[in-house]
Amino acid sequence: MAVRVDLNISLDGFATTTDQTLEDPMGRDWSRLVAAYVATRTFRARVLHDASGEGTTGVDDEYAKAYFEEIGAEIMGAGMFGLHNYPHDPDWRGWWGDEPPFRCPVFVLTHARRPSLEMSGGTTFHFLSATPQEALERAIDAAGGKDVRIGGGATVVRDFLKAGLVDQLHVAIAPILLGRGIRLWDGLWELESGYAVKAECAPSGTIHLTFRR
Ligand SMILES: NC(=O)c1ccc[n+]([C@@H]2O[C@H](COP(=O)([O-])OP(=O)(O)OC[C@H]3O[C@@H](n4cnc5c(N)ncnc54)[C@H](OP(=O)(O)O)[C@@H]3O)[C@@H](O)[C@H]2O)c1
Numbered sequence: 007m008a009v010r011v012d013l014n015i016s017l018d019g020f021a022t023t024t025d026q027t028l029e030d031p032m033g034r035d036w037s038r039l040v041a042a043y044v045a046t047r048t049f050r051a052r053v054l055h056d057a058s059g060e061g062t063t064g065v066d067d068e069y070a071k072a073y074f075e076e077i078g079a080e081i082m083g084a085g086m087f088g089l090h091n092y093p094h095d096p097d098w099r100g101w102w103g104d105e106p107p108f109r110c111p112v113f114v115l116t117h118a119r120r121p122s123l124e125m126s127g128g129t130t131f132h133f134l135s136a137t138p139q140e141a142l143e144r145a146i147d148a149a150g151g152k153d154v155r156i157g158g159g160a161t162v163v164r165d166f167l168k169a170g171l172v173d174q175l176h177v178a179i180a181p182i183l184l185g186r187g188i189r190l191w192d193g194l195w196e197l198e199s200g201y202a203v204k205a206e207c208a209p210s211g212t213i214h215l216t217f218r219r
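All residue numbers for the sequence shown refer to this note's numbering, where the first residue is 7 and numbers rise by one.
As structure tokens, this is what we get:
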């Protein structure tokens with residue numbers, strides 16, 4: 007099994023802005039950052055439950071398909087799950103509706119205590135406060151021999167990269183500048199050593215860069 011990351015970042019390295027508000031919970035630039043991924047046929051079917059078959063095919067879609075393959079468990083941060091947007095809502099169940107796209111156990115790192123949430127389609131959210139190593143051990147146990155994805159957000163992915171726990175890092179670099187936010191690469195000097203690197207460019211202008219141990 008492998009520990010994998012797939013993240014959309016801007017040309018200047020930001021994985022998220024920090025301008026989210028209750029009125030605009032994704033922030034002003036989210037749709038620019040993820041435009042090519044959201045346009046794929048795979049994203050539309052798997053995340054938006056769009057059965058029309060519409061959406062882009064080709065390089066971006068190949069990466070989107072690979073994103074969902076062979077993942078047995080996922081780890082994400084409280085920010086990605088939405089707990090920072092809705093910290094006082096005990097009924098918050100994430101952004102993804104009743105049938106989230108993960109279809110596996112998802113471990114949400116948070117200092118808030120919340121009961122596990124069983125959703126339709128095989129996703130169960132578990133909430134835990136643990137070191138990256140401890141969380142990964144739980145996820146590996148739950149993954150049944152399949153891969154574990156560190157889904158995001160920016161801070162949690164950086165923590166796992168810093169701890170040397172990631173076997174495969176795929177960044178989809180969107181041809182946009184965000185100019186502010188949380189930068190994936192900060193504090194990761196010489197991260198590239200120890201990884202083989204592959205680059206592929208999609209017609210959307212997205213550069214898919216994969217670091218593999
Ligand atoms: N670009 C992409 O592909 C991509 C992918 C996913 C998400 N995102 C974006 O990233 C943003 C969220 O990222 P983020 O950096 O703000 O937050 P995040 O990485 O999702 O979560 C960080 C938070 O998780 C909790 N946490 C982290 N490590 C922990 C530990 N060891 N034990 C207990 N709790 C722990 C803490 O929250 P508490 O202390 O409050 O519990 C911490 O503030 C969102 O805007 C999302 O849309 C981007």
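Ideal Cβ positions, reconstructed from N, Cα and C, are used throughout, including at glycine.
**Message:** Taking 8 angstroms as the cut-off, is the beta-carbon of Ser-37 closer than that to any non-hydrogen atom of ligand 1?
**Reply:** In the sequence shown, residue 37 corresponds to position 31, counting from 1. No - ligand 1 has no heavy atom lying nearer than 8 angstroms to the Cβ of Ser-37.
**Message:** Applying the 10 Å Cβ sphere with the 16-neighbour rule, what's the burial state of Ser-16?
**Reply:** Translated into positions along the sequence shown, residue 16 becomes position 10. So Ser-16 counts as buried.
**Asked** In this structure, does DSSP put Glu-124 in helix, strand or coil?
**Response** For the purposes of this step, residue 124 is taken as residue 118 along the sequence shown, with counting starting at 1. In the structure shown, Glu-124 sits in a strand (DSSP, three-state: E or B).
**Message:** If you follow the alpha helix (DSSP H) that Ala-42 is in, where does it begin and where does it stop?
**Reply:** Looking up residue 42 in the sequence shown gives position 36. First-last of the alpha helix (DSSP H) with Ala-42: 41 to 44.
**Asked** Should Pro-106 and Gly-127 be called a contact, given that it needs their Cβ atoms to be closer than 9 angstroms?
**Response** The residue given as residue 106 occupies position 100 in the sequence shown. The residue given as residue 127 occupies position 121 in the sequence shown. Cβ atoms of Pro-106 and Gly-127: closer than 9 angstroms.
**Asked** Under a three-way DSSP split, which group does Met-82 fall into?
**Response** For this step, residue 82 is matched to residue 76 along the sequence shown. Here Met-82 sits in strand by DSSP.
**Asked** What do you get for Glu-124, buried or exposed, if any count of 16 or more other CB atoms within 10 angstroms of its CB means buried?
**Response** Translated into positions along the sequence shown, residue 124 becomes position 118. With fewer than 16 Cβ atoms within 10 Å of its Cβ, Glu-124 is classed as exposed.
**Asked** Would the beta-carbon of Asp-122 be found less than 8 angstroms away from any heavy atom of ligand 1?
**Response** Here residue 122 is taken as the residue at index 116 of the sequence shown, counted from 1. The residue asked about is misnamed: residue 122 is Ser in this sequence, not Asp. Ser-122: no, Cβ never under 8 angstroms from ligand 1.
**Asked** Per DSSP, Val-154 is paired with what?
**Response** Against the sequence shown, residue 154 aligns to sequence position 148. In DSSP, Val-154 forms a bridge with Val-9, Ala-79.
**Per DSSP, the bridge partner or partners of Asn-14** = Here residue 14 corresponds to residue number 8 of the sequence shown, with the count starting at 1. Answer is Ala-178, bridged to Asn-14.
**Request:** Counting only the same chain and skipping the five closest in sequence on each side, list residues whose C-beta sits under 7 angstroms from that of Leu-197.
**Result:** On the sequence shown, residue 197 is found 191 positions in, with the first residue counted as 1. Non-local C-beta neighbours of Leu-197 in its own chain, meaning closer than 7 angstroms and more than five positions away in sequence, comprise Leu-167, ordered along the chain.
**Asked** If you drop the 5 nearest sequence neighbours on each side, which residues of the same chain put their C-beta closer than 6 angstroms to that of Thr-216?
**Response** Walking along the sequence shown from the start, residue 216 turns up at place 210. Cβ neighbours of Thr-216 beyond the five flanking positions: His-176, Lys-204.
**Prompt:** In three-state DSSP terms, what is Val-112?
**Reply:** For the purposes of this step, residue 112 is taken as residue 106 along the sequence shown, with counting starting at 1. Strand, per DSSP.
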